[in-house]
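Worksheet for the structure shown next.
In mature numbering (1 follows the signal peptide of the UniProt record, and there is no 0), the protein residues as written are -19 to -1, 1 to 129.
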């Protein structure tokens, strides 16, 4: 019983401290340099520290909200921005129609990582059923999770 309570409290604590807002002055110089090199047109950046393992910036480029994650070393890890359903590549739309027939797209995001390239993170809903899927640009489903 004690181990169950310990596990539950650990999970609860870890979710509450998983991302903490910080001021730009607390972001390591290497991260700021990497951010400014990669996103030189970014405006209105706000920062969070993620599980004490890296940093995430939310910012605007041409009035489009984006986020980017960086390792403590300054290495860029991931960029993500919300897109309109109409902006999905035809291959991704075809995969959704085939694998998720009857589901409505709640949210579509374009994500890019150094290791995976460009992928699309899609949240789909049908009734009480919710799926989150990651689909690459050629339409291959890389991951799908049910969030019932």
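For glycine and all other residues, C-beta sits at the position ideal for the given N, C-alpha and C. No experiment lies behind these values; they were computed from the predicted model shown.
Would you identify the three-state DSSP class for residue i, choosing helix, strand or coil?
{"i": "residue -4", "result": "Low local confidence applies: a pLDDT of 44 at residue -4 is under 50, so the model's placement there is unreliable, with the coordinate-based value given in what follows. Helix."}
{"i": "residue 13", "result": "helix"}
{"i": "residue -11", "result": "The pLDDT assigned to residue -11 is 42, lower than 50, so where the model puts this residue is not dependable; a value taken from the coordinates is nonetheless given after this. In this structure, residue -11 counts as helix in the three-state DSSP scheme."}
{"i": "residue 91", "result": "strand"}
{"i": "residue 128", "result": "coil"}
{"i": "residue 106", "result": "strand"}
{"i": "residue 7", "result": "helix"}
{"i": "residue 65", "result": "coil"}
{"i": "residue 56", "result": "coil"}
{"i": "residue 50", "result": "strand"}
{"i": "residue 121", "result": "coil"}
Of the choices the options, whose alpha-carbon is the least far from that of residue i?
{"i": "residue 47", "options": "34, 109, 19", "result": "19"}
{"i": "residue 69", "options": "125, 12, 115", "result": "115"}
{"i": "residue 56", "options": "37, 110, 117, 83", "result": "37"}
{"i": "residue 109", "options": "54, 87, 3, 40", "result": "87"}
{"i": "residue 141", "options": "93, 91, 125, 1", "result": "The shown model of the chain, from -19 to 129, leaves out residue 141, and the question about it has no answer."}
{"i": "residue 26", "options": "58, 10, 4", "result": "4"}
{"i": "residue 50", "options": "127, 104, 7, 13", "result": "13"}
{"i": "residue 121", "options": "21, 112, 101", "result": "101"}
{"i": "residue 92", "options": "80, 64, 35, 127", "result": "64"}
List the residues that DSSP assigns as beta-bridge partners of residue i.
{"i": "residue 78", "result": "In the DSSP output, where bridge partners are listed per residue, residue 78 has none listed."}
{"i": "residue 29", "result": "2, 37"}
{"i": "residue 101", "result": "91, 116"}
{"i": "residue 111", "result": "106"}
{"i": "residue 42", "result": "45"}
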